[in-house]
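Here the structure comes first, spelled out in structure tokens, and everything after it is commentary.
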Amino acid sequence: TGLETPESFRITASSDNNRIITVIEGGDRMGTLYGVYAYLEELGVRFYGLGKTGTEFPPDKKPLPSVLNRIDNPSFLTRGYHAWEDRGNLDFFLWMARNRMNFWTAAEKEYHLCKKLGMKLADGGHVMMMHFLNAHHEYPYNHPSFKGDENKPKDPYKTGTGFRGDVDGDGRLTYFEAHPEWFGLKNGKRSDNTTDEFGDNFCTTNDDAKKELAKNIVQALIDGRYSNVDILNFWLMDGSRRWCECNECAAVGNHTDQLLRVVHAVLEEIGSARRGGRLSRPVELSSLAYLETIVPPSHPLPEGFDYDNFSMTFFPIERCYDHMLADPSCTELNSRLADNYLAWVTGDGRHYKGTMFIGEYYNVSYLKSLPMLYTRIMAADIPWYHRTGTRHFHYMHTPTRLWGTWTLNQFLMARLLWNVETDADNLVAEYFERFYPTTTSITREFYSNLEQAMTGFKAIRYWGWKNTLRDTSKEIFTKRHFGYEITHPLMNDGADILEMKSFTTAARNNIDAAIIACRDQTELNRLREDEYRFSYGEMMMDFHYHLYRTALFHHAGNSESARRELRSLERSAERLRSIVDLVQVSSSHANAENGLEATQAVDVYEFFKKTYGE
4 TGLETPESFR ITASSDNNRI ITVIEGGDRM GTLYGVYAYL EELGVRFYGL GKTGTEFPPD
64 KKPLPSVLNR IDNPSFLTRG YHAWEDRGNL DFFLWMARNR MNFWTAAEKE YHLCKKLGMK
124 LADGGHVMMM HFLNAHHEYP YNHPSFKGDE NKPKDPYKTG TGFRGDVDGD GRLTYFEAHP
184 EWFGLKNGKR SDNTTDEFGD NFCTTNDDAK KELAKNIVQA LIDGRYSNVD ILNFWLMDGS
244 RRWCECNECA AVGNHTDQLL RVVHAVLEEI GSARRGGRLS RPVELSSLAY LETIVPPSHP
304 LPEGFDYDNF SMTFFPIERC YDHMLADPSC TELNSRLADN YLAWVTGDGR HYKGTMFIGE
364 YYNVSYLKSL PMLYTRIMAA DIPWYHRTGT RHFHYMHTPT RLWGTWTLNQ FLMARLLWNV
424 ETDADNLVAE YFERFYPTTT SITREFYSNL EQAMTGFKAI RYWGWKNTLR DTSKEIFTKR
484 HFGYEITHPL MNDGADILEM KSFTTAARNN IDAAIIACRD QTELNRLRED EYRFSYGEMM
544 MDFHYHLYRT ALFHHAGNSE SARRELRSLE RSAERLRSIV DLVQVSSSHA NAENGLEATQ
604 AVDVYEFFKK TYGE
């Protein structure tokens with residue numbers, strides 16, 4: 004029939020006795036809904052952005068198509084945003100449905116609406132141990148060697164050799180007191196550091212610990228905090244060096260081998276609950292290739308591993324956005340990540356043969372919803388991910404309101420995820436022609452300059468930059484990608500401070516000219532929203548420009564020039580302090596109290612004020 008996947012649709016139209024007969028049919032109910040929106044697109048409607056301002060209708064009525072035979076199957080089966088908080092809104096959810104985006108969070112208060120609009124709802128993350136195997140939570144069983152818990156269920160686990168009883172004397176037994184051997188060995192001692200998502204992982208080779216963790220997770224899927232979850236993000240602790248150091252764990256293989264053996268235990272428990280009727284809905288598990296698990300497993304996966312209900316999400320958090328991930332000229336940053344990704348998805352000798360998910364970082368928490376643009380990167384990366392076998396995609400910390408210039412990112416990404424054969428250049432050209440009809444050329448030039456102005460902020464923010472500004476014993480610029488003067492090396496060429504400032508100035512001239520030239524009220528509203536978010540990025544660029552100049556004078560021992568530069572830096576800081584709403588449109592990790600806090604350099608700013616202030 005041509006409808007090969009869920010959410011696919013067919014639209015046909017034909018003439019019969021002066022009538023036009025149009026049929027929209029879907030591979031499932033969501034395919035039918037997507038088909039209706041696609042038919043509106045055939046009539047000239049475009050769902051570019053949020054709400055009425057973001058919707059573009061054709062200037063003239065178009066006749067209904069009398070001949071049409073369109074069949075759409077999605078290129079990526081999962082398309083959306085990784086989130087874990089209730090922060091959506093009606094305009095955002097309707098935009099997602101109209102643009103065939105289907106991934107959001109089960110933590111959303113309006114989860115019923117999300118399900119109605121066809122979204123897969125996810126939750127979980129780096130909180131698995133904090134919630135389900137927390138060293139400080141009360142042990143839920145009648146431990147045979149402890150008095151006072153006789154009213155609890157029989158203990159299904161053997162007493163370990165490390166049992167020491169109620170060590171703190173509070174009259175209750177914790178998981179750690181009952182089974183210290185379940186928890187990670189760190190520096191020769193078992194660690195009870197599980198109070199947040201940055202603690203220490205448990206001993207992943209302890210079968211009883213895995214069983215208890217899996218059992219508690221499944222109960223949460225049945226009637227607990229994850230009772231609305233379709234996809235559970237099963238991640239262990241965040242950050243590096245969180246792993247158990249015992250000989251048994253080391254013998255399993257690398258950290259990815261250890262992780263996948265825990266995943267196997269959880270999948271088995273979910274499967275048992277499904278077969279026994281205790282869990283009445285299908286639940287997929289997704290884990291992560293990230294930091295120390297960015298490398299593929301070094302050993303075969305456990306026999307019977309449930310590939311059908313599992314995906315591995317590749318998170319390239321350390322990448323740059325000056326280059327596409329596969330760009331061979333980016334040897335300093337992206338090459339290692341691209342090599343690891345390809346090792347997951349290509350090669351007959353690889354041990355993992357399952358589904359891959361991409362978790363991008365277009366609004367990584369370090370960026371704080373700056374007016375980033377990724378038209379060049381998305382147009383290259385998304386089809387490449389698809390060619391290499393990935394069929395699931397999201398990015399973290401999406402803004403859900405006050406998009407402004409983010410609108411183009413969201414629309415382009417949605418179109419490419421639905422159909423990787425989309426001609427990105429033509430799509431972007433139509434976007435500017437339709438969305439900015441009286442200022443098409445100048446607004447497109449504004450966007451081009453803005454994209455080049457913002458591209459280096461990931462390099463500024465991520466790689467330990469703040470300490471080098473204060474410490475005169477260190478070089479300020481630690482990566483070839485990023486410096487003060489404009490340079491263009493053959494390899495690892497990124498945006499430099501003066502280059503970013505020049506493009507920011509050009510973008511300001513463009514947006515001012517577009518607002519003057521605009522002759523359409525709806526278009527003017529769009530331009531003003533663009534200018535509003537751009538002004539935040541412009542202030543941020545000005546702050547960093549003066550911050551780096553102050554640091555350069557500081558390193559050179561030129562106190563008088565540093566003192567003069569500080570005055571400009573202080574003016575930039577005060578302007579940023581007035582920005583509030585623009586930095587509170589994303590997740591709690593990516594939001595900030597105000598624009599100054601969003602610089603993530605308040606400590607450096609205060610250091611220079613103390614050193615050179617009057």
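Under this note's numbering, read the sequence shown as residues 4 to 617, first letter to last.
Where a beta carbon is used, it is the ideal one built from N, C-alpha and C, also for glycine.
Given the structure is predicted, the values throughout are model-derived calculations rather than measurements.
Let me check understanding here. Comparing Cα to Cα, which of the options lies closest to residue i?
i, options, result
"Ile14", "Thr8, Asn20 and Ile24", "Ile24"
"Asp533", "Ala432, Arg175, Thr446 and Pro299", "Thr446"
"Met104", "Leu120, Asn236 and His134", "Leu120"
"Arg578", "Glu180, Phe414 and Phe546", "Phe546"
"Ser562", "Ile297, Phe611, Leu530 and Leu411", "Phe611"
"Tyr144", "His115, Asn512, Tyr293 and Thr177", "Thr177"
"Met327", "Thr316, Ser314 and Ala341", "Ala341"
"Ser372", "Gly407, Gly30, Ile320 and Glu271", "Gly407"
"Gly2", "Pro183, Leu294 and Tyr40", "The first residue shown for the chain is 4 and the last is 617, placing residue 2 beyond what the model contains."
"Arg483", "Phe166, Asn92 and Cys323", "Cys323"
"Val265", "Asn412, Leu136 and Asn20", "Leu136"
"Arg167", "Lys150, Ser338 and Pro183", "Pro183"
"Leu6", "Ile514, Leu453 and Asn76", "Asn76"
"Phe506", "Asn452, Thr471 and Asp152", "Asn452"
"Asn312", "Pro300, Val298 and Leu288", "Leu288"
"Gly279", "Ser314, Glu448, Ile225 and Asp351", "Ile225"
"Thr35", "Gly54, Glu44, Ser11 and Glu448", "Ser11"
Determine whether the beta carbon atoms of residue i and residue j lie at a separation below 8 Å.
i, j, result
"Tyr398", "Tyr365", "yes"
"His558", "Ser575", "no"
"Ser78", "Trp347", "no"
"Leu430", "Ile385", "no"
"Ala498", "Gly459", "yes"
"Phe485", "Ala462", "yes"
"Val588", "Ala601", "no"
"Tyr608", "Tyr551", "no"
"Arg580", "Gly598", "yes"
"Gly191", "Phe205", "no"
"Asp82", "Ala417", "The amino acid at residue 82 is misidentified as Asp; the sequence shows Arg. In contact: Arg82 and Ala417 (Cβ atoms closer than 8 Å)."
"Asp126", "Leu235", "yes"
"His400", "Ala593", "yes"
"Ala554", "Met503", "no"
"Asn102", "Phe414", "yes"
"Gly274", "Asp330", "no"
"Glu200", "His258", "no"
"Asn92", "Arg536", "no"
"Asp260", "Ser290", "no"
"Phe360", "Thr316", "yes"
"Gly57", "Trp98", "yes"
"Ile27", "Met131", "no"
"Ala100", "Tyr142", "no"
Residue i and residue j look like a contact to me (Cβ under 8 Å); what is the Cβ gap, rounded to whole Å?
i, j, result
"Cys333", "Asn495", "6 Å"
"Gly357", "Phe318", "In fact, because the Cβ distance is near 16 Å, the residues do not count as touching under 8 Å."
"Trp661", "Asn209", "Residue 661 lies beyond the range of the chain shown here (4 to 617); nothing can be said about it."
"Ser148", "Thr164", "Not confirmed; about 12 Å, so no contact."
"Ala217", "Val255", "Actually they do not touch by this definition, with Cβ atoms about 17 Å apart."
"Pro303", "His267", "No, Pro303 and His267 are not in contact; Cβ-Cβ is about 12 Å, not under 8 Å."
"Asn343", "Ile297", "5 Å"
"Leu80", "Asp233", "That belief does not hold up - the Cβ atoms of Leu80 and Asp233 are roughly 13 Å apart, past 8 Å."
"Lys477", "Asp606", "Rounded, the Cβ-Cβ distance is 16 Å, inconsistent with contact."
Provide the residue(s) that pair with residue i in DSSP beta bridges, ordered along the chain.
i, result
"Leu291", "Thr316"
"Leu97", "Note: Leu97 sits in no beta bridge, so no partner."
"Thr25", "Ala16"
"Lys613", "Its beta-bridge partners do not exist; DSSP assigns none."
"Met359", "Met315"
"Leu71", "Ala16"
"Asn658", "An answer regarding residue 658 cannot be provided, because it is not within the stretch 4 to 617 covered by the chain."
"Arg49", "Glu59"
"Phe396", "Arg82 and Ile361"
"Trp107", "Leu124"
"Leu672", "Nothing about residue 672 can be reported from this structure: the residues present for the chain run from 4 to 617 only."
"Glu141", "Thr177"
"Phe205", "Phe186"
"Lys157", "Asn145"
Would you verify that the beta carbon of residue i is, or is not, closer than 8 Å to some beta carbon of chain C?
i, result
"Ser372", "Reference to chain C is not applicable here, since this structure consists of a single protein chain."
Item to check | the stretch 234 to 245 in contact with the stretch 193 to 201 per 3-pair CB rule at 8 Å | outcome: yes
Checklist entry - Should the stretch 436 to 443 be called in touch with the stretch 514 to 524, which here means at least 3 C-beta pairs below 8 Å? => result yes
Item to check | Stretch-stretch touch, CB-based, cutoff 8 Å, three pairs: the stretch 45 to 60 with the stretch 106 to 116 | outcome: no
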